[in-house]
Amino acid sequence: MSDDGLALYSDRLRALSARVRKDRRLEAPDATASLTSPLCGSRVTIDLVMENGRIRELGYMVRACSLGQAGTAVLAEAAPGCTPAELGAVRETVRRMLEEGGPPPEGHWAALEVLSPAAHVPSRHGAALLPFDAVLEAAGKAAQPPL
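Shown next, in the form of structure tokens:
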């Protein structure tokens, strides 16, 4: 394995990943989204309860690599209280960190810096962004008026 490959699996990344190994689904979510990476087969399911346009609760089921697991772990801790627009901005910061060498997120999102070694492995970018895409899809569904 290359040094870049080894850097992907740091102790910090593995510790974050371990936090979501047990599913934490919500009993009555406002919306659920399940996304699968076509490249690697990673799958992330996100349940959301929204309140006044903000995430009140976030549940998950993760069948993904360490990058998807770590991202989900940070989201599970930091997303409650956030709006979908705020999460979209964090996703964009992570994307820029991976694709353009931008700075990592700050504040309570700073733990996402652990994903930065994936910048050198473009085929892993989608797996790192998958949890964000699932949260944003679920938030979009929750915003839709009921039929």
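With our numbering applied, the sequence shown corresponds to residues 2 to 148, in that order. The C-beta atom is built at its ideal place from N, Cα and C for all residues, glycine as well.
Item: Beta-ladder partner(s) of LEU59, from DSSP; Value: LEU49
Item: heavy atom of the ligand SAM below 6 Å from PRO106 C-beta; Value: Absence of the ligand SAM is noted for the structure shown, with no ligands found whatsoever.
Item: Inter-residue Cα distance where the pair is LEU49 and ALA79; Value: 13 Å
Item: Cα-Cα separation, LEU131 to ARG64; Value: 11 Å
Item: Alpha-carbon to alpha-carbon, LEU27 and PRO105; Value: 30 Å
Item: Same chain only: Cβ atoms within 6 Å of ALA120, ignoring 5 sequence neighbours per side; Value: LEU99
Item: Environment of LEU7 [buried if 16+ CB atoms lie within 10 Å]; Value: Because LEU7 sits at a pLDDT of 43, beneath the cut-off of 50, its placement in the model cannot be relied upon, and the following sentence gives the value as read from the coordinates. It counts as exposed.
Item: Inter-residue Cα distance where the pair is GLY42 and SER11; Value: 22 Å
Item: Residue ranges of each alpha helix (DSSP H) within the segment 14 to 38, 4 or longer; Value: none
Item: Under 7 Å between C-beta atoms of VAL1 and LEU113; Value: Any question about residue 1 goes unanswered here, given that the chain covers just 2 to 148.
Item: Outcome for ASP4 when other beta-carbon atoms lying within 10 angstroms are tallied against a minimum of 16; Value: Only weak support is given to the placement of ASP4: the predicted model assigns it a pLDDT of 39, under 50, and the question is left unresolved by the model.
Item: Minimum length 4: unbroken alpha helix (DSSP H) runs contained in the segment 55 to 103; Value: 67 to 79, 85 to 101
Item: HIS126 - containing alpha helix (DSSP H), residue span; Value: 126 to 144
Item: Alpha-carbon spacing of LEU17 relative to ALA71, whole angstroms; Value: 5 Å
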